[in-house]
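Read through the structure below, which is laid out as structure tokens, and then see the notes.
As structure tokens, then:
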């Protein structure tokens, strides 16, 4: 590749100064004046109930209350991929904490007080809290009208059941694959729900002004997609896209939780009823846990056929997802996994069933990794177990089966260029794979764990990105895009890409968060796709601006376009070495001729990108025939873990992760993603532990009881490794890496725990408590009962431990049944 | 029921009328126009609302405004009135923050640390910012930046 000046440099973040000075504004920081109204919602105390009546009269009488809104005011459905939600349900509630009414008042205290006076009479229904229950033939239905819902064409709900979507992928001949195998290994892995825990809670301010313009200031990863969903939901009011403006200032973390539309639809509805007054809705930390999206739980059964030489002949991967009360976004997580649950391996015979199941728990949805974190726990645990069973080194086993460029993917398309082998080798070297480490403390044992990963962006085939570039009088420039700076460094990377083409240093480029009235289109900032997709649009816009500059110079000086080039913010000419024209001399004012007139005018560039080669159309029984994913990003990771055999406490001595970035546009920011994603992933296995009561109420919706890492809880050392096998259609070869860094953490810890103390834990999380109990031969479910992720109650074997090592006592009854087949799933 | 109180806010004497149950964080943000302390959890868990009260870090979401009558409050707005402090400079150079929502709280926690310990160890740095949750960075880039402040302080001696 040609050498680059700005792309590939660890330049300073363009938003860095705003952030260290406190100047960066978030939605809740914006001022709206004395007419700002505040809203508070009334929440369902039941997981499943019919709403019999709502009496708002007492709340309406409170001085300062402006309006009380219920489902009768907004009988409209909405949803990103499937319209299965009402803004306020008027028939029944489907999870604890669901909004049934809202109070709008002059101040927040009054709104809160009045909300407690809204009287709602419910008739409780049996809640569906368990996947096994949900799938029974006579199951209570969470959505009796499922068959009539509007949805995207690649979802396959099954009417009169709780199955919202079923993605089936079939490749080769699965029966033949298992016949060819020398050994078949089967096991079940369980992953509970998790919360994003962005430190900024969701917030939206809406203003429906008297002229009919609706402006929303929204803490969102998806301004354009929000506008589209809002326009669809409010169409009955005669509001369309051009009437709606979504402004998204900086957001305090997203991780998928601020993708699509969740609580924001309420803010939109409230604005519509208090025309002329801005109204604010801000989620509390508790609401942040139970009324946005949660990461979906999954029970995954893996059956793998394998030859003695370590070649995988077949995989059958069956995943049942606890998708919660509404799946308008979450079903697409299920879909993505259904296409990719082979992991990054070349497997000729594949059968994947990824089943999205409605339950009466909070809505599931996107969370960094988009299903891949979830299924990699089982798959990468299984890979190590299988390797051990055939007496092969787990890293060598992965290396032998690792996918190569050109291999046929499970759905029939070809694999993109991949640095997976390099990633495996560099991680193995960094972690000194194969060298046993001994703790100086006899009560502690050290183990190592390894995991590979891959992930593709899950996008509709027409997910597009657009960019505008305009120059300023001093030769600096503005980039207008609508990807979201969620912390990953997107704005900086876009500036670097434009800088590379236009030779303007990134810190002379102003690029801001989106405003749908002014900024160019972006589908959403999800799927780790914006460096790639929007980067391509920005590069195209920069090339367009460069062409426009060449044209002005050509018209003024007569030099042909192909003799012109840019260097250090000047236009130069190969055939006239003396000629140089600084940008600031002409990009606004044009070039003056000998006659005194000016040629040119302000330089503007525009660029668009859409992955025209993709298609979501395929055979629903096999998923063959389409090209649903643009490409995969691959990598590997490993951990050195010290386990205290008395307390179960684990300490990460070292963690390392290699990701194939294609081209790291800003290596410092890639490293930051690796470290941040790794810690977030480690938290899902070591600390975070979501608990529900027997009626479906979340018990630990706060940071006191739901532990996310502090600065004292991080690994002793994290070594990020960047692999660069270019993505041919990426800007300068780049592809996304943001979500991927979280994916391998859970499995690599599970593998390290087994290496250290001989326990194979097949249900997340792997907390110190669980390890200590297992080491004491106490079955976890004996202690935890149904509090352990209630949606999985009754799945005892998934919580059981297989004890290993010669000195251990045999497991008591009720444990150690790792290979048993389950029924009902 | 309102009471007028006086406080020194970022070096300036300010009067404000408060109700007895007004939380300091809300008063700073809504009545005094200081937006850098953020609302993250409203129960003292996350540290996003950190301010310096008479030079010591406190969680402004846990303090009744009426209690701070006559006291001195410093936020990042006050720190940044002139040029960047060495702490801010180092955090900027290290690309330490991602979304930046926790940044004001961490800047103040680090400021307090360096006031008391000009040359903190890595453990002291981790301890000092352990009350400020960050979900993006994994803290490493922040710790490195603060260690670098220490290095620079050492080379100056």
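Chains as they are written, first to last, in our numbering: chain A, 30 to 854; chain B, 63 to 219. From the three backbone atoms N, C-alpha and C, an ideal C-beta is built for every residue, glycine too. Note that the structure is a prediction, hence the values are computed from the model and not measured.
message: Please tell me whether residue 34 of chain A has its Cβ less than 8 angstroms away from any Cβ of chain B.
response: no
query: Would you say residue 803 of chain A and residue 788 of chain A are within 8 angstroms of each other, going by their C-beta atoms?
result: yes
field: alpha helix (DSSP H) segment containing residue 406 of chain A, residue limits
entry: 401-418
- request: Name the two residues that bound the continuous alpha helix (DSSP H) containing residue 27 of chain A.
  value: Any question about residue 27 of chain A goes unanswered here, given that chain A covers just 30 to 854.
- prompt: In chain A, which residues lie less than 8 angstroms from residue 166 of chain B when you measure between Cβ atoms?
  reply: 51
- prompt: Using the rule of at least 16 other Cβ atoms within 10 Å of the residue's Cβ for burial, across every protein chain shown, is residue 814 of chain A buried or exposed?
  reply: Here residue 814 of chain A scores only 39 on pLDDT, less than 50, and its place in the model is too uncertain to base an answer on.
- request: Report the three-state DSSP secondary structure of residue 853 of chain A (helix, strand or coil).
  value: Note that residue 853 of chain A scores a pLDDT of 31, beneath 50, so its modelled location is shaky; the value from the coordinates is reported in the next line. Coil, per DSSP.
message: So residue 707 of chain A contacts chain B; which residues on that side make the cut at Cβ distance below 8 angstroms?
response: 200
field: Neighbourhood of residue 712 of chain A by C-beta distance below 7 angstroms, restricted to the same chain and skipping five residues each side
entry: 737, 738
task: In angstroms with no decimal places, state the Cα-to-Cα distance between residue 508 of chain A and residue 724 of chain A.
output: 51 angstroms
message: Less than 8 angstroms between the C-beta atoms of residue 232 of chain A and residue 476 of chain A, yes or no?
response: no
message: According to DSSP, simplified to helix, strand and coil, what is residue 634 of chain A?
response: strand
Contact the stretch 518-528 of chain A vs the stretch 461-471 of chain A: 3+ CB pairs below 8 angstroms: no
query: Does the stretch 395-408 of chain A come close enough to the stretch 482-492 of chain A that 3 or more CB-CB pairs lie under 8 angstroms?
result: yes
- request: Would you mind sorting residue 133 of chain B into buried or exposed? The rule is 16 or more other CB atoms within 10 Å of its CB.
  value: exposed
task: Give the secondary structure of residue 519 of chain A by DSSP, where H, G and I count as helix, E and B as strand, and everything else as coil.
output: helix
field: is_contact[residue 111 of chain B, chain A] using C-beta, thresh 8 angstroms
entry: no
Length of the line joining the Cα atoms of residue 446 of chain A and residue 755 of chain A: 7 angstroms
field: Rounded Cβ spacing between residue 218 of chain A and residue 406 of chain A (contact assumed at less than 8 angstroms)
entry: 6 angstroms
query: residue 14 of chain A: buried (16+ other C-beta within 10 angstroms of its C-beta) or exposed?
result: Residue coverage of chain A in this structure runs from 30 to 854, which leaves residue 14 of chain A outside it and unanswerable.
field: Cutoff 8 angstroms: residue 138 of chain B Cβ touching any chain A Cβ
entry: yes
field: chain B residues whose Cβ lies nearer than 7 angstroms to that of residue 739 of chain A
entry: 192, 195
Neighbouring residues, chain A, relative to residue 85 of chain B (Cβ below 8 angstroms): Within 8 angstroms Cβ-Cβ: nothing; residue 85 of chain B doesn't reach chain A, min ~10 angstroms.
- prompt: In whole angstroms, what separates the C-alpha of residue 770 of chain A from that of residue 700 of chain A?
  reply: 10 angstroms
Coil, strand or helix - residue 154 of chain A by DSSP: coil
- prompt: Count the other CB atoms within 10 Å of the CB of residue 290 of chain A; is the residue buried (16 or more) or exposed (fewer)?
  reply: buried
task: State the DSSP-derived secondary structure class of residue 108 of chain A, mapped to helix, strand or coil.
output: coil
query: In this structure, does DSSP put residue 257 of chain A in helix, strand or coil?
result: helix
query: Are the C-beta of residue 38 of chain A and some C-beta of chain B separated by less than 8 angstroms?
result: no
- request: Can you pull the chain A residues whose beta carbon is under 8 angstroms from the beta carbon of residue 205 of chain B, in chain order?
  value: 740
- request: Can you give me the Cβ contacts of residue 163 of chain B inside the same chain, cut-off strictly under 8 angstroms, excluding the 5 residues immediately before and after it?
  value: 100, 102, 110
field: Whole-angstrom distance between residue 184 of chain A and residue 481 of chain A, CA atom to CA atom
entry: 29 angstroms
- prompt: What does residue 48 of chain A touch in chain B if you count any residue whose Cβ is under 7 angstroms from its own?
  reply: 159, 162, 165
- prompt: Residues of chain D with CB under 8 angstroms from residue 150 of chain B, in chain order?
  reply: In the structure shown, chain D cannot be found, because the protein chains are A and B.
field: Interface partners of residue 41 of chain A on chain B, CB under 9 angstroms
entry: 154, 155, 157
field: CA nearest to the CA of residue 412 of chain A, picked from A/479, A/157, A/456
entry: A/479
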